[in-house]
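The structure appears below as structure tokens.
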Ligand code: RBF
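In the working numbering, the protein residues as written are 7 to 167.
See the structure below:
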């Protein structure tokens, strides 16, 4: 599997997700982008065997809220992995930096605090065009990649238990 563009992954190398349960938390800021990320993640999970009743999707206002939304999912459901989807686009103020730092640190903390994978599916781009190119455009769909990563990490955990 190429590691620089997981959208071109070898589907045969992905474990079956038929008995796995996933949470997806998606930010509504830049919804044009995040709805495509969500579509990609859902279709990829299902392509690898996940069923609708084993995928819980929750929306949060912005990427900064992804951390707590993901924690709610982990606390209130019995999940094999949580996928966090968002899109932060650089504006004229330093907000971009603080939101990116906050969510990156937050998701990292969740990975260490809970014994399940939390997948970082947050685009951090300079322009909307760059984001769209990575949400079903020329650079693939990072939602697909987040889903594959979730399945592979959940399978890794099972293998090691
Ligand atoms: N949330 C995003 O997911 N992506 C953004 O690009 C984004 N830009 C923001 C820019 C500003 C100036 C502000 C105030 C908020 C922005 N947010 C963005 C929302 C942020 O993630 C969060 O929802 C709010 O700050 C409320 O906690």
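By construction, the Cβ of each residue, glycine as well, lies at the ideal position given by its N, Cα and C atoms. Since this is a predicted model, take the numbers as computed values, not measurements.
Residue 147 counts as buried, since no fewer than 16 other beta carbons sit within 10 angstroms of its beta carbon.
The alpha carbon of residue 119 has as its nearest neighbour, out of 167, 77, 53, 45, the alpha carbon of 77.
Take the alpha-carbon of residue 79 and the one of residue 90: they are about 11 Å apart. Judged by DSSP secondary structure, residue 28 falls outside any alpha helix (DSSP H) and instead within the beta strand (DSSP E) spanning 28-33. In the three-state reduction of the DSSP assignment, residue 131 falls in the strand class, which pools E and B. Using a Cβ-Cβ distance cut-off of 8 Å, the region 28-48 and the region 86-106 are in contact, since at least three pairs of beta carbons, one from each stretch, lie closer than that value. Below 8 Å, too few C-beta pairs join the region 96-115 and the region 138-147 to call them touching: fewer than three. Closest in C-alpha terms to residue 166, from the list 130, 98, 122, comes 122. With contacts defined as CB atoms closer than 8 Å, residue 56 and residue 152 fail to qualify as a contacting pair. Sorted by chain position, residues whose beta-carbon lies closer than 7 Å to a non-hydrogen atom of the ligand RBF are 33, 35, 36, 67, 68, 69, 70, 71, 92, 93, 94, 95, 97, 99, 101, 102, 105. Take the alpha-carbon of residue 125 and the one of residue 134: they are about 22 Å apart. If you draw a straight line from the Cα of residue 65 to the Cα of residue 75, it comes to about 8 Å.
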